[in-house]
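Number of protein chains: 2
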Amino acid sequence: MIKSIVLIGSGRVAHHLGHALYNQGLQLVQIVGRNSSTTAQLALELESVAVGLDNLQLMDIHADMYIIAVSDSAIAKVSSTLAQLLPDHALVVHTSGATPLSKIDRHFKYRGVFYPLQTFSRDQVVDFREVPICLDTASTGHHRAELERLAQSLSRYVVWLNEEQRAVLHLAAVFVNNFTNHLFGVASQILASKAINFSLLKPLIAETIRKLDNLPPPEAQTGPAVRNDQSTIEKHQELLQQIHPEFLDIYQLLTRSIQDLHSNDQNA
Amino acid sequence: MIKSIVLIGSGRVAHHLGHALYNQGLQLVQIVGRNSSTTAQLALELESVAVGLDNLQLMDIHADMYIIAVSDSAIAKVSSTLAQLLPDHALVVHTSGATPLSKIDRHFKYRGVFYPLQTFSRDQVVDFREVPICLDTASTGHHRAELERLAQSLSRYVVWLNEEQRAVLHLAAVFVNNFTNHLFGVASQILASKAINFSLLKPLIAETIRKLDNLPPPEAQTGPAVRNDQSTIEKHQELLQQIHPEFLDIYQLLTRSIQDLHSNDQNA
Numbered sequence: 026m027i028k029s030i031v032l033i034g035s036g037r038v039a040h041h042l043g044h045a046l047y048n049q050g051l052q053l054v055q056i057v058g059r060n061s062s063t064t065a066q067l068a069l070e071l072e073s074v075a076v077g078l079d080n081l082q083l084m085d086i087h088a089d090m091y092i093i094a095v096s097d098s099a100i101a102k103v104s105s106t107l108a109q110l111l112p113d114h115a116l117v118v119h120t121s122g123a124t125p126l127s128k129i130d131r132h133f134k135y136r137g138v139f140y141p142l143q144t145f146s147r148d149q150v151v152d153f154r155e156v157p158i159c160l161d162t163a164s165t166g167h168h169r170a171e172l173e174r175l176a177q178s179l180s181r182y183v184v185w186l187n188e189e190q191r192a193v194l195h196l197a198a199v200f201v202n203n204f205t206n207h208l209f210g211v212a213s214q215i216l217a218s219k220a221i222n223f224s225l226l227k228p229l230i231a232e233t234i235r236k237l238d239n240l241p242p243p244e245a246q247t248g249p250a251v252r253n254d255q256s257t258i259e260k261h262q263e264l265l266q267q268i269h270p271e272f273l274d275i276y277q278l279l280t281r282s283i284q285d286l287h288s289n290d291q292n293a
Numbered sequence: 026m027i028k029s030i031v032l033i034g035s036g037r038v039a040h041h042l043g044h045a046l047y048n049q050g051l052q053l054v055q056i057v058g059r060n061s062s063t064t065a066q067l068a069l070e071l072e073s074v075a076v077g078l079d080n081l082q083l084m085d086i087h088a089d090m091y092i093i094a095v096s097d098s099a100i101a102k103v104s105s106t107l108a109q110l111l112p113d114h115a116l117v118v119h120t121s122g123a124t125p126l127s128k129i130d131r132h133f134k135y136r137g138v139f140y141p142l143q144t145f146s147r148d149q150v151v152d153f154r155e156v157p158i159c160l161d162t163a164s165t166g167h168h169r170a171e172l173e174r175l176a177q178s179l180s181r182y183v184v185w186l187n188e189e190q191r192a193v194l195h196l197a198a199v200f201v202n203n204f205t206n207h208l209f210g211v212a213s214q215i216l217a218s219k220a221i222n223f224s225l226l227k228p229l230i231a232e233t234i235r236k237l238d239n240l241p242p243p244e245a246q247t248g249p250a251v252r253n254d255q256s257t258i259e260k261h262q263e264l265l266q267q268i269h270p271e272f273l274d275i276y277q278l279l280t281r282s283i284q285d286l287h288s289n290d291q292n293a
């Protein structure tokens, strides 16, 4: 059973995952990070010991699991340094949706992925029970079961996804989170041009999400694009041209994409 | 005080607004619609009388307010027909966010707009208290106060917006509802290519919305675009090229737009 963990990273994922593990009674034996102030702070919060990423050789301590929660581009390098320090039976996972399992050094027999699918902000408390955890591992047997047991102690949603599935999920997450949030930002700039408060749109946004519980997105689609209301589409474009021409191409492309998707509907 | 209403239209807005008015004890004296079956059904639900839109001349009845809740392109024609039938002091409003007040025939001194800002589906119950109602009128005096009183009896959010503000709000609503919903549809197609259930994304979507309560959208922005993670962006594009090349231009345009918006950030 996994009881002790070394957490490498002090960014947003490390912060929230570390707290979730700590709250479940796991022992965080070391927090290893590049940024000495966030690493020290996180170690303090988790009753742990801070170690600089540049002093990784100090990290010769035993733990049941080593979690690499650093930026995607640093995973390979960190894991190959770890390979010099740890025995080959150490359980080493990364937390990235976009990084192959194979980026963890092949020295380790029990490589794994422990990917929490959520958008984390440092100051925003997250209920980890509601964060899907996507698992993968090259190994079979009891390491697999232990990884799953640990994930289930943190979250209600634990799924095993292979490499391809995880990559696709990460891509889809960009559309529903990053791009959606950007559209909110665009809307907020559009409103600001006429001194309208963005909060007026919040009930509409809430309903847009609530509909997902009952209808697949294509059936929930409304608006001028899907009903091919060319006169409104033209008025919107004229208005954008006046107030925020830099968003005209987004308007046109998404309108066209909606129309392409629904061009065979009888009932749009 | 407005007590009796003629409702023209039997579509989604007419349906939900009609029910909200009925639930507040307003008398719906007639429901006038083109589609005889939805009009008859709505009249039945609202203890009203159904009148065909082609038999508008039958609509010679008195009411305190006439609500034109038909498609945008039909508002001018319906209102000019009404102008032949009703006295010039009749209170006549339309419910469109995208239509100028002036599309209501100038015969009417008390033209107005009564625009509920929400996405309505026929089978989805809506809590009208949470639907912002945007008002406008050319007239001053007691008609203005009565319009506001009626709106406040239906909703917690009543705002007066002029022509330009309403147009801008309607445009912003397209971004946060129509376009966002389309992105959900794109994500769902991307996931379907590897047999992943869309519901796995729902906690992420919920958090994307929840962040709006604490952070302006630009500060909530995360992901490869804003952190300029070119390696992930390239992997995403290769993947899209394989599974859904028709969405590649959306990915590229929104990524670029996020980067343009944040290019001056120190802290992205």
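Chains as they are written, first to last, in the working numbering: chain A, 26 to 293; chain B, 26 to 293.
Each residue gets a CB set at the ideal place from its N, CA and C atoms; glycine is no exception.
- [ ] Could you spell out the range, first to last residue, of the alpha helix (DSSP H) harbouring B/Pro296?
- [x] Because chain B in this structure spans residues 26 to 293, residue 296 of chain B falls outside the shown range and cannot be described.
TODO: Check whether the Cβ atoms of B/Ala88 and B/Leu67 sit closer than 9 Å, and answer yes or no.
DONE: The residue you call residue 88 of chain B lines up with position 63 of the second sequence. The residue you call residue 67 of chain B lines up with position 42 of the second sequence. No.
Open item on the list: Which of the three DSSP states is assigned to B/Thr124 in this structure?
Closed with: Locating residue 124 of chain B in the second sequence gives position 99, counting from the first residue. Here B/Thr124 sits in coil by DSSP.
- [ ] Using a threshold of 9 Å, state whether the C-beta atoms of B/Tyr140 and B/Ser127 are closer than that.
- [x] Position 115 of the second sequence, counting from 1, holds the residue named residue 140 of chain B. Position 102 of the second sequence, counting from 1, holds the residue named residue 127 of chain B. Not in contact: B/Tyr140 and B/Ser127 (Cβ atoms no closer than 9 Å).
- [ ] State the DSSP-derived secondary structure class of A/Ser180, mapped to helix, strand or coil.
- [x] Numbered from its first residue, the first sequence carries residue 180 of chain A at position 155. In the structure shown, A/Ser180 falls within a coil segment according to DSSP collapsed to helix, strand and coil.
Task: 4 or more residues per run - each alpha helix (DSSP H) lying fully within the region 206-239 of chain B - done: DSSP runs (the alpha helix (DSSP H)) wholly in the region 206-239 of chain B: 227-235.
Task: Under 9 Å by beta carbon: chain A residues contacting B/Asp254 - done: Numbered from its first residue, the second sequence carries residue 254 of chain B at position 229. Ser96, Asp97, Ser98 and Ala123, listed in chain order.
TODO: Would you tell me roughly how many angstroms separate the C-alpha atoms of A/Ser213 and A/Ser224, rounded to the nearest one?
DONE: For the purposes of this step, residue 213 of chain A is taken as residue 188 along the first sequence, with counting starting at 1. For the purposes of this step, residue 224 of chain A is taken as residue 199 along the first sequence, with counting starting at 1. Answer to the nearest angstrom: the Cα atoms are 9 Å apart.
TODO: Establish whether the CB of B/Ser127 and some CB of chain A are separated by less than 9 Å.
DONE: Along the second sequence, read from residue 1 onward, the residue named residue 127 of chain B stands at position 102. Taking Cβ atoms only, chain A never reaches closer than 9 Å to B/Ser127, which makes this a no.
- [ ] List the residues of chain A that B/Asp274 touches, going by C-beta distances under 7 Å, in chain order.
- [x] Taking the second sequence and counting its residues from 1, one reaches residue 274 of chain B at position 249. Leu278, listed in chain order.
TODO: Check the Cβ-Cβ distances between A/Gly43 and every residue of chain B, and say whether any is below 9 Å.
DONE: By one-based count along the first sequence, residue 43 of chain A stands at place 18. Not an interface residue.
Open item on the list: Using the Cβ count rule (16 or more neighbours within 10 Å means buried), how would you classify B/Glu232?
Closed with: Looking up residue 232 of chain B in the second sequence gives position 207. By the 10 Å Cβ count, B/Glu232 comes out buried.
- [ ] Below 8 Å on the Cβ atoms is my guess for B/Lys236 versus A/Gln149; work out the distance and round it to an integer in Å.
- [x] Here residue 236 of chain B refers to the residue found at position 211 when the second sequence is read from its first residue. Here residue 149 of chain A refers to the residue found at position 124 when the first sequence is read from its first residue. So it is a contact: roughly 7 Å between Cβ atoms.
- [ ] Measure the Cβ-Cβ separation of B/Gly43 and B/Leu71 and say whether it is below 9 Å.
- [x] The residue given as residue 43 of chain B occupies position 18 in the second sequence. The residue given as residue 71 of chain B occupies position 46 in the second sequence. Yes, they are a contact pair.
Task: Chain-order list of residues whose beta-carbon lies under 7 Å from that of B/Gln266 (same chain, five-residue window excluded) - done: Working through the second sequence from its first residue, we reach residue 266 of chain B at position 241. Cβ neighbours of B/Gln266 beyond the five flanking positions: Leu273.
TODO: Please say whether B/Ala99 and B/Asp130 have beta carbons closer to each other than 9 Å?
DONE: Counted from its first residue, the second sequence places residue 130 of chain B at position 105. Counted from its first residue, the second sequence places residue 99 of chain B at position 74. It is not a contact, given that the beta carbons lie outside the stated cut-off.
Open item on the list: Less than 9 Å between the C-beta atoms of B/Phe145 and B/His41, yes or no?
Closed with: Numbered from 1 along the second sequence, position 120 holds the residue referred to as residue 145 of chain B. Numbered from 1 along the second sequence, position 16 holds the residue referred to as residue 41 of chain B. In this structure, B/His41 lies closer than 9 Å to B/Phe145 by Cβ.
- [ ] List the DSSP bridge partners of B/Met90.
- [x] For this step, residue 90 of chain B is matched to residue 65 along the second sequence. As DSSP reads the structure, B/Met90 sits in a beta bridge with B/Ile30.
TODO: Return no unless some Cβ of chain B is closer than 9 Å to the Cβ of A/Tyr182.
DONE: Numbered from 1 along the first sequence, position 157 holds the residue referred to as residue 182 of chain A. Yes, because at least one Cβ of chain B sits closer than 9 Å to the Cβ of A/Tyr182.
Task: Residues bridged to A/Tyr140 [DSSP beta-bridge criterion] - done: As a first step, residue 140 of chain A is located in the first sequence; it is residue number 115 there, counting from the start. Bridge partners of A/Tyr140: A/Cys159.
TODO: Figure out for me which residue from A/Val156, A/Leu116, A/Val211 and A/Ser180 has the closest Cα to the Cα of A/His167.
DONE: One-based indexing of the first sequence puts residue 167 of chain A at position 142. The closest CA to that of A/His167, considering only A/Val156, A/Leu116, A/Val211 and A/Ser180, is found on A/Leu116.
- [ ] Leaving out five residues on either side along the sequence, give the residues of the same chain with a beta carbon under 8 Å from the beta carbon of B/Ile230.
- [x] As a position in the second sequence, residue 230 of chain B is number 205, starting the count at 1. For B/Ile230, where only same-chain residues beyond five positions count, the Cβ hits under 8 Å are Phe209.
Task: Backbone secondary structure at A/Ala45 - three-state DSSP - done: By one-based count along the first sequence, residue 45 of chain A stands at place 20. Per DSSP, reduced to three states, the secondary structure at A/Ala45 is helical.
TODO: For B/Leu179, decide whether its Cβ has a neighbour in chain A, counting only Cβ atoms nearer than 9 Å.
DONE: For the purposes of this step, residue 179 of chain B is taken as the residue at position 154 of the second sequence. It does not: the Cβ of B/Leu179 has no partner Cβ on chain A nearer than 9 Å.
Open item on the list: If we define contact as Cβ-Cβ less than 9 Å, is A/Pro242 a contact residue for chain B?
Closed with: Within the first sequence, residue 242 of chain A is the residue found at index 217, counting from 1. It does; some Cβ of chain B falls within 9 Å.
TODO: Report the rounded CA-to-CA distance for B/Ser29 versus B/Leu172, giving the unit in angstroms.
DONE: Here residue 29 of chain B is taken as the residue at index 4 of the second sequence, counted from 1. Here residue 172 of chain B is taken as the residue at index 147 of the second sequence, counted from 1. Taking the straight line joining both Cα atoms gives about 13 Å.
- [ ] Determine, using beta carbons only, whether A/Thr165 comes closer than 9 Å to chain B.
- [x] Residue 165 of chain A sits at position 140 when you count from the first residue of the first sequence. So no, A/Thr165 is outside the interface.
TODO: Using a threshold of 9 Å, state whether the C-beta atoms of B/Ala250 and B/Ile275 are closer than that.
DONE: Sequence index remark: in the second sequence, residue 250 of chain B carries index 225 (1-based). Sequence index remark: in the second sequence, residue 275 of chain B carries index 250 (1-based). Going by C-beta atoms, B/Ala250 is not nearer than 9 Å to B/Ile275.
- [ ] Compute the Euclidean distance between the alpha carbons of A/Ile92 and B/His261, then round it to the nearest angstrom.
- [x] Taking the first sequence and counting its residues from 1, the one referred to as residue 92 of chain A is at position 67. Taking the second sequence and counting its residues from 1, the one referred to as residue 261 of chain B is at position 236. In a straight line, the C-alpha of A/Ile92 is about 25 Å away from that of B/His261.
Task: Partners in chain B for A/Lys102, counting only beta-carbon separations shorter than 8 Å - done: Counting from one through the first sequence, the residue named residue 102 of chain A turns up at place 77. Within 8 Å Cβ-Cβ: nothing; A/Lys102 doesn't reach chain B, min ~14 Å.
TODO: Measure from the C-beta of A/Leu225 to each C-beta in chain B and report whether the shortest distance is under 9 Å.
DONE: Residue numbering aside, residue 225 of chain A sits at position 200 when the first sequence is read from its first letter. Yes, because at least one Cβ of chain B sits closer than 9 Å to the Cβ of A/Leu225.
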